[in-house]
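**Student:** The structure follows.
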Amino acid sequence: MKVLVPVKRVVDYNVKVRVKADNSGVELANVKMSMNPFDEIAVEEAVRLKEAGTATEVVVVSIGPKQAQETIRTGLAMGGDRGILVEYDAETEPLAVAKLLKAIAAEENPDLVVLGKQAIDDDCSQTGQMLAQLLGWSQGTFASKVTPGDGTVDVTREIDGGLETIQLKMPAVVTADLRLNEPRYASLPNIMKAKKKEIAMKTPADYGVDMTPRLSTERVEEPPERQAGVMVESVSDLVAALKEKGAL
Amino acid sequence: MAVLVIAENTNDELKDATLSAVTAAQAFGGDVHVLVAGSGCAPVADQAAKIAGVAKVLLADDPAYDHGLAEALSALVISLADGYDQLVTPAGTMGKNFMPRVAAALDVAQVSEAVEIVDANTFKRPIYAGNAIATVKSSDAKKVVTIRPTSFDKAPGEGGSAAVEPVAKVDAPALSSFISQELNESDRPDLSSADVIISGGRALGSAENFEIIERLADKLGAAVGASRAAVDAGFVPNDYQVGQTGKIVAPKLYIAVGISGAIQHLAGMKDSKIIVAINKDEEAPIFQVADYGLVADLFEAVPELEKQIG
Ligand SMILES: Cc1cc2nc3c(=O)[nH]c(=O)nc-3n(C[C@H](O)[C@H](O)[C@H](O)COP(=O)(O)OP(=O)(O)OC[C@H]3O[C@@H](n4cnc5c(N)ncnc54)[C@H](O)[C@@H]3O)c2cc1C
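Right, dumping it as C-alpha cells:
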C-alpha cells in the first residue's frame, strides 16, 4: 500500500501573528515557519503504517515556496521515503491545491492520502474533502483512529457529539485530528539520512493547474480587543461582581 | 435566485446552528430554502418549516442520509445546486465534512467559517486562530459558505409556515459506510449554545478531579468544556474541547479553571460576553482576556464557589 502525505509550510503554532500596518495581510518576514501541526500527525500516521508493514512507501508532497523543501525534509526525517515539491510562491487556495494533488495522485496511484484536517494559517479545513471529491474517493475526516483492512480502512472520527466510526473503500482520503497520534521528533541520524532522500521539483504548469485565486483578500485586521478586566481578591468578591453584572 | 441552507440536524432534532445559518443566508437577500436530509427526519423538516423567514423546506428522507455520510450528502446537495446562487451551512463537524466536496464539484472556492456577510460577494472570516480577521471577496458565480454560528443571531424558531417538499435520493456510489458511534449523552446544555460554560484544563489532573467542574456546572445549569490538554489526558471526551480546532463558543459567561490561555484555546472562547479565569499563576495569559481574574488554587476556589452560589 502506498501512502501520499501532503504537508504545508505555515507560521509556527507558537507564534502570535501580527497584522501588517497597511492591513494587507499578516507579518511573515522573520517569523518562524514549521510544518502544519496536523500534517505532522498525518506524516506520523503514514510512517507508523509503514513500520507496521501495511504501507510500502510514503511520499511527502508540498505545494509552496522553495523553502517548503525543508518542510518535506522534516517529513522525510520522520520516515517518509521521498518528496515532491510543487513550487509556488504566492498564497495557495485549497481548491487549487486539491487539483494539484489530484494530478499527483493520478501519477502516483496511492491507496491512501493522509493529510491534516486543517492548516493553522488559513484555518480552511477543505483540502482533503475537495481532493476526495475531485478523485471520486471516499473520505474520513477528523480522524482519531485509522485501521486498515482488506481493501478498506476503518476511521474513527471526532464529531460534535462524540466519536463515529465509518468504513471507507480504498483508495481513500483521511484527514488527521489532534488525537490520532503524537508525532515523533526526528533523530539526528534520520535527519542526516533525509538529506540524501530524493525530492522531485515540479511547478503547477507541469500539472496544468491554474492557481489563480478565487478569493481576493481585501483587508486583514486585528480582531476587536477585549477591554482589560479586573483581578478579584477572593471567591466572595468574584460572586459579588458576577451578581452585580447579572451574570449569576 | 434563492439561497439554500443545508440544515445541521440529527434524525429527530434540528440543531440551533441551523437558525444562525438562516440569519446569515438572509443577508444575501433572496428567498431562503432549507434542506433537511436524514432518515425518518420528517419531524425535523416540520420544525424547519416553522423558522421565521424560511420560504421552502426540502426534505430528503432516505436511509442513505441516515448518518450524514459526506459522499451521499454532498451528492444530494450538488444535485440541487443548479437552482441556487448561494449554499450555506453551519461550520460544525457535519458542514466541514461535506461542504468542501460540494465546492470542489462546483469548481468554487469555499468561504470557511464566515463571521460576517458584508455583501453578496464579500465575507469576513477569522484566520490564524482568530488572531486576524480577513475580508475576502469571491469571484465565483456561486457561493459556497460555511458560517460560524456564534457570529449570527438565531432566526426565530417559530412564526414561519413554509411548505415541505420531498426530494428524491440521489444515486451515489457507496464509498463509505457507517459502523458505530459513541455519542456523549448528557443532561447538561449543549456546549455550542449554552449561556454559561465552565471549562477545566490540565490542572485538574484526573477525570475524578474533573468532577468538581461538573458539580459546579450542574449547580449553575452550565455546559462543561475543556482545554485540549484535558481532553488529550483523557479527563473528558473529545467533544468537550474548546478552541481553534475544537468548538467555538460565545456564552454569556465563560469560566476557565486551571487553563493557561494558549492562543489555540482563546480562539474558541474569546468572544464570550464575560470571561472569568481561575488560575494559580498570576502570569497566566488567560488573565489578559478575562473580565474577572482570581489568582487561587482551583481545588480551594471551585468548591468554595459552588458553596457560595448555593
Ligand atoms: C495544532 C494545535 C491545535 C490546538 N488546538 C487547541 C484547541 O482547540 N483547544 C485548546 O484548548 N488547546 C489547543 N491546543 C493546545 C494549546 O496550545 C495548549 O497546549 C492547551 O490549550 C493547554 O491546555 P491547558 O491550559 O489546560 O494546560 P496548561 O497550558 O498546562 O495550563 C495549565 C494551567 O493550570 C494552572 N494551574 C496548575 N495547577 C493549578 C491549580 N491547582 N489551581 C489553579 N490553576 C492551576 C497553571 O498555572 C497553568 O496556567 C492546540 C495546539 C496545537 C499545536
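First to last, the sequence lines map onto chains A and B. Everything in the first sequence is counted per this note's numbering, starting at 1 for the first residue and increasing by one. Everything in the second sequence is counted per this note's numbering, starting at 1001 for the first residue and increasing by one. The C-beta atom is built at its ideal place from N, Cα and C for all residues, glycine as well. Treat the numbers as computed from the prediction; the structure is a model and nothing was measured.
1) Answer yes or no: do residue 131 of chain A and residue 42 of chain A have a C-beta to C-beta separation smaller than 9 Å?
2) With 9 Å set as the bound, which would you pick, yes or no: does the beta-carbon of residue 1309 of chain B sit closer than that to a beta-carbon of chain A?
3) Locate the beta strand (DSSP E) running through residue 33 of chain A, then write down its first and last residues.
4) What's the C-alpha gap between residue 1003 of chain B and residue 1087 of chain B?
5) Using alpha carbons as the reference points, say which of B:1040, B:1099, B:1283 and B:1081 lies closest to residue 1089 of chain B.
6) Go through the residues and name those whose CB comes closer than 5 Å to any heavy atom of ligand 1, in chain order.
7) Between residue 171 of chain A and residue 138 of chain A, what straight-line distance do the alpha-carbon atoms span, to the nearest angstrom?
8) Anyone know if the C-beta pair for residue 1151 of chain B and residue 1114 of chain B falls short of 9 Å?
9) If I follow the unbroken alpha helix (DSSP H) through residue 97 of chain A, where does it start and stop?
10) Using a threshold of 9 Å, state whether the C-beta atoms of residue 1142 of chain B and residue 1084 of chain B are closer than that.
11) Assuming residue 1046 of chain B is part of the beta strand (DSSP E), what are its boundary residues?
12) Would you list the residues sitting across from residue 1103 of chain B in a DSSP beta bridge?
13) If you pair each beta-carbon of the stretch 1215-1234 of chain B with each one of the stretch 1186-1195 of chain B, do three or more pairs fall below 8 Å?
14) Could you give the C-beta distance for residue 1057 of chain B and residue 1032 of chain B, rounded to a whole number, given that I count them as a contact under 8 Å?
15) Can you pull out the residues from the stretch 1159-1176 of chain B whose beta carbon lies closer than 9 Å to at least one beta carbon of chain E?
16) Taking just the CA atoms, how far does residue 168 of chain A sit from residue 46 of chain A?
17) Between which residues of its own chain and residue 1305 of chain B is the CB-CB distance below 7 Å, once the five residues before and five after are set aside?
18) Note down, in chain order, each residue of its chain lying with its Cβ closer than 6 Å to the Cβ of residue 1049 of chain B, except the 5 sequence neighbours on either side.
19) Taking beta-carbon pairs under 7 Å, can you tell me which members of the stretch 189-216 of chain A lie near chain B?
20) What distance in whole Å lies between the Cβ atoms of residue 1244 of chain B and residue 1264 of chain B, which are believed to be in contact at a cut-off of 8 Å?
21) On the CB-based measure, 16 or more other CB atoms within 10 Å of its CB, does residue 1282 of chain B come out buried or exposed?
22) Below 7 Å CB to CB, which residues in the same chain sit around residue 162 of chain A once its five sequence neighbours on both sides are set aside?
23) Give me the Cβ distance between residue 112 of chain A and residue 174 of chain A, rounded to the nearest whole Å; I'm assuming they're in contact under 8 Å.
24) Look at the alpha carbon of residue 110 of chain A and the alpha carbon of residue 180 of chain A, and state the distance between them as a whole number of angstroms.
25) Please classify residue 62 of chain A: is it buried, with 16 or more other beta-carbons within 10 angstroms of its beta-carbon, or exposed?
26) On a CA-only basis, which of A:228, A:25 and A:4 is nearest residue 50 of chain A? Give me that one, please.
27) Quick one: does residue 144 of chain A have its CB under 9 Å from some CB of chain B?
28) In the DSSP assignment, find the unbroken alpha helix (DSSP H) run with residue 236 of chain A in it and report its ends.
29) Measure the C-alpha to C-alpha separation of residue 44 of chain A and residue 1308 of chain B and round it to an integer number of angstroms.
30) DSSP three-state label for residue 118 of chain A, please.
31) With a floor of 3 residues, list each beta strand (DSSP E) that falls wholly inside the stretch 1051-1115 of chain B, ordered by position along the chain.
32) Can you tell me the Cα-Cα spacing of residue 184 of chain A and residue 78 of chain A, whole angstroms?
33) For residue 224 of chain A, which three-state DSSP category applies?
34) In the DSSP assignment, find the unbroken alpha helix (DSSP H) run with residue 1213 of chain B in it and report its ends.
**Tutor:** In short:
1) no
2) Yes, residue 1309 of chain B lies at the interface with chain A (some Cβ there is under 9 Å from its Cβ).
3) 33-35
4) 6 Å
5) B:1099
6) A:13, A:37, B:1201, B:1202, B:1203, B:1227, B:1228, B:1229, B:1243, B:1244, B:1245, B:1246, B:1258, B:1259, B:1260, B:1262, B:1264, B:1265, B:1279, B:1280, B:1281, B:1284, B:1297 and B:1298
7) 7 Å
8) yes
9) Looking at the DSSP string, the run of the alpha helix (DSSP H) that includes residue 97 of chain A is 94-108.
10) yes
11) Where residue 1046 of chain B is concerned, there is no enclosing beta strand (DSSP E), although the alpha helix (DSSP H) it sits in stretches over 1042-1049.
12) For residue 1103 of chain B, which the question treats as bridged, DSSP gives no partner whatsoever.
13) yes
14) In fact, because the Cβ distance is near 10 Å, the residues do not count as touching under 8 Å.
15) Considering every chain present, this structure includes no chain E. Its protein chains are A and B.
16) If you take the alpha carbons of residue 46 of chain A and residue 168 of chain A, they lie about 17 Å apart.
17) 1216
18) Excluding positions up to five away in sequence, the list reads 1057, 1162 and 1164.
19) 214, 215 and 216
20) 4 Å
21) exposed
22) none
23) 6 Å
24) 21 Å
25) buried
26) A:4
27) yes
28) 235-244
29) 48 Å
30) coil
31) 1054-1061, 1084-1090 and 1110-1114
32) 7 Å
33) In the three-state reduction of the DSSP assignment, residue 224 of chain A falls in the coil class, being assigned neither a helical nor a strand state.
34) Per DSSP, the unbroken alpha helix (DSSP H) holding residue 1213 of chain B starts and ends at 1207-1220.
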